[in-house]
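To start, the structure itself, in structure tokens.
In full-length UniProt numbering, the protein residues as written are 1 to 109.
What follows is the structure in structure tokens.
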């Protein structure tokens, strides 16, 4: 996988943006245990936090491949914390790490 040019990052998320969750679960072959989260009257903050941690871990893994030219992040969540906040945090962290790593072609011998 180290030679991949494009990585599709599609981690499990809260699925909070689904309009017809039953159809989605059936058509995508998803785990029906997710239904309990759709039947909650309010958002389960603990479950969302677990999702964010898992999604962040997937994104951090995806951006580790140096030859990849793009990472496509897919989410079915309406929560900003599961969407752009994960992408921005991962990109910022990668940018910071790369700025602290000396380049091999920097001209130092």
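From the three backbone atoms N, C-alpha and C, an ideal C-beta is built for every residue, glycine too.
Given a threshold of 16 other Cβ atoms within 10 Å of its Cβ, counted over all protein chains shown, does residue i qualify as buried or as exposed?
i, result
"residue 91", "exposed"
"residue 101", "exposed"
"residue 98", "exposed"
"residue 1", "exposed"
"residue 84", "exposed"
"residue 82", "buried"
"residue 108", "Only weak support exists for where residue 108 lies, its pLDDT of 49 falling under 50; the value from the coordinates is given anyway. By the neighbour-count rule (16 or more Cβ atoms within 10 Å), residue 108 is not buried but exposed."
Confirm, please, whether the CB-CB distance from residue j to residue i is below 9 Å.
i, j, result
"residue 6", "residue 89", "no"
"residue 72", "residue 8", "yes"
Per DSSP, which one or two residues make a beta bridge with residue i?
i, result
"residue 7", "71"
message: Using 8 Å as the cut-off, can you tell me whether the stretch 73-89 makes contact with the stretch 9-23, which would need three or more C-beta pairs spanning the two stretches below that distance?
response: yes
message: Is it the case that the stretch 51-60 contacts the stretch 2-15, given that we only count it when at least three CB pairs across the two stretches are under 8 Å?
response: Note that the stretch 2-15 touches the stretch 51-60; at least 3 beta-carbon pairs, one per stretch, sit closer than 8 Å.
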